[in-house]
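Q: Provided herewith is a single structure, encoded as structure tokens, for subsequent inquiry.
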Amino acid sequence: MSHPGIPSIVAAEAPQLSRTTDVPESQLNTAPTAGAPDKTNLFSQVETQLTTYLTSSPLYSLLLSTLELVFVSDGRVALKLVVLPVHVNSKAVLHGSLSATLVDLVAGLAIISAGSPKTGLSTDLHVSFVGAAREGETLWVEAIAERVGATLAFTRVRIEKELAEAGRALVATGSHTKYVR
Numbered sequence: 001m002s003h004p005g006i007p008s009i010v011a012a013e014a015p016q017l018s019r020t021t022d023v024p025e026s027q028l029n030t031a032p033t034a035g036a037p038d039k040t041n042l043f044s045q046v047e048t049q050l051t052t053y054l055t056s057s058p059l060y061s062l063l064l065s066t067l068e069l070v071f072v073s074d075g076r077v078a079l080k081l082v083v084l085p086v087h088v089n090s091k092a093v094l095h096g097s098l099s100a101t102l103v104d105l106v107a108g109l110a111i112i113s114a115g116s117p118k119t120g121l122s123t124d125l126h127v128s129f130v131g132a133a134r135e136g137e138t139l140w141v142e143a144i145a146e147r148v149g150a151t152l153a154f155t156r157v158r159i160e161k162e163l164a165e166a167g168r169a170l171v172a173t174g175s176h177t178k179y180v181r
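Listed below in structure tokens is the structure:
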């Protein structure tokens, strides 16, 4: 089931949200358990990590300064990015290295949203390129932390482009394992 404005991976988790920064009523008065993320502040925690990424890395600040966080829930994040001239290759389509960079960064944000204090160090990153995106198109980058253990975190990422006639088309998928101890 699709919800307007909410990415496909996370749609089933968020039908009760009126805005991406809202917190469901059931979580407003609940104290977090020891070691668990504070659900009422989850969006700002992930947003703070994204800002840290963008301001501390010349590569991220050059390529991803317009990346917009639009959805956060427990272990799930979604971001939007308009494809700029700096994002495309010599064939005028999204460069594969940018897709890999997005998988790396957004997977770390999903890990933070799952309650880990660390985004982790990459141990394995796999990207499958299945479609193309061109300058001016809007990408949705969605990540799920499938499992965050004491040592390793396993994530999967989808990169889709918005279609003019409604809906989305898959551009790339990724899986990313990170060392989080």
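Residue numbers (the UniProt record's numbering): 1 to 181. All C-beta atoms, glycine included, are put in the ideal place defined by N, C-alpha and C. Owing to the predicted nature of the structure, the values given are computational and were not obtained by experimental measurement.
V106: which of D124, V157 and S44 sits nearest, CA to CA?
A: For V106, the nearest C-alpha among the options comes from V157.
Q: Just reading off the beta strand (DSSP E) that E135 is part of, what are its end residues?
A: Taken as a continuous stretch (DSSP letters only), E135 belongs to no beta strand (DSSP E), as it is neither H nor E.
Q: Assign L64 to one of two classes, buried (16 or more other C-beta atoms within 10 Å of its C-beta) or exposed (fewer than that).
A: buried
Q: Please report the distance separating the alpha-carbon of S128 from that of E162.
A: Their backbone Cα atoms lie some 19 Å apart in a straight line.
Q: Taking just the CA atoms, how far does T66 sit from V83?
A: Near 10 Å, if we compare the C-alpha coordinates of T66 and V83.
Q: Does S99 come out as helix, strand or coil in the three-state DSSP assignment?
A: helix
Q: Comparing alpha-carbon positions, which option in K118, A132 and G131 lies nearest A145?
A: K118
Q: Roughly how many whole angstroms lie between the Cα atoms of T177 and L102?
A: 14 Å
Q: What three-state label does DSSP hand G115 in the structure shown?
A: Secondary structure at G115: coil, using DSSP grouped into helix, strand and coil.
Q: State yes or no: is the C-beta of L109 within less than 9 Å of the C-beta of L69?
A: yes
Q: Using alpha carbons as the reference points, say which of T52, A114, V93 and E142 lies closest to D74.
A: A114
Q: How about R168 and E160: do their beta carbons lie closer than 9 Å?
A: Cβ distance < 9 Å, so R168 and E160 count as in contact.
Q: Quick check on DSSP: helix, strand or coil for A107?
A: Under the three-state reduction of DSSP output, A107 falls in the helix class.
Q: Where residue 264 and E165 are concerned, what is the direct C-alpha to C-alpha distance, given to the nearest angstrom?
A: The structure shown does not extend to residue 264, since the chain spans only 1 to 181, so no value can be given for it.
Q: When DSSP labels each residue in this structure, what does T155 get in the three-state scheme?
A: strand
Q: Which whole-angstrom value describes the C-beta separation of A143 and G120, a residue pair presumed to lie in contact below a C-beta threshold of 8 Å?
A: About 13 Å separates the beta carbon of A143 from that of G120, a gap too long to meet the 8 Å contact definition.
Q: Under DSSP, the beta strand (DSSP E) around V93 begins and ends at which residues?
A: V93 -> no beta strand (DSSP E), and no H or E assigned at all.
Q: For a test of the three-state rule: what should DSSP assign to G174, helix, strand or coil?
A: strand
Q: Reducing DSSP to helix, strand and coil, say where T123 ends up.
A: T123 carries a strand assignment under DSSP once its states are collapsed to helix, strand and coil.
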